[in-house]
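Residue numbering for the sequence shown follows the working numbering, starting at 63 and increasing by one per position. This report refers to the structure that appears directly beneath it.
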Amino acid sequence: MARDLTVDTDGLQVAAAGSAQAAIEVLNGRTVGATAGTRPSDAGVAAVDAAAAALRVQQGRRIAGQADSLSAASADYDDTDGSSADDISVTM
């Protein structure tokens, strides 16, 4: 039994834009509070804040890369699908 393949490329583009926005929000994330002080735990808090900031950058870049890939894949699918449809209509 044959099944039709249906791809919502507009939906993929919307998802890519949403992912790109999420990446921007992750990269713009800021920590609140002091990072240096006189309490013994302040150095540990500063180290955790620095690690969290580094992780945000890494995750933001990953999300942005996935958003770019999703957008490109959607465009490629649209191009291929349109070209194939044109080829079929010529032979019919």
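No residue lacks a Cβ here, since even glycine has one placed at the ideal position from N, Cα and C. Model, not experiment: these values are computed from the prediction.
A77 is a Cβ neighbour of L132, given a cutoff of 8 Å. Nearest to S81 by alpha-carbon distance, out of L117, Y139, G122 and R118, is G122. In this structure, the CA atom of G144 is about 17 Å from the CA atom of G73. When the beta-carbon positions are compared, Q75 and S136 come within less than 8 Å of each other. The Cβ neighbour count for A105, taken over all protein chains shown within 10 Å, is under 16; the residue is labelled exposed. Per the coordinates, the alpha-carbon of T68 lies some 40 Å from the alpha-carbon of A114. For D72, the enclosing alpha helix (DSSP H) begins and ends at T71 to L89. Contact between T71 and D130 fails: their C-beta atoms lie close to 15 Å from each other, not under 8 Å.
Between L89 and V110, the C-beta gap is not smaller than 8 Å, which leaves the two residues out of contact.
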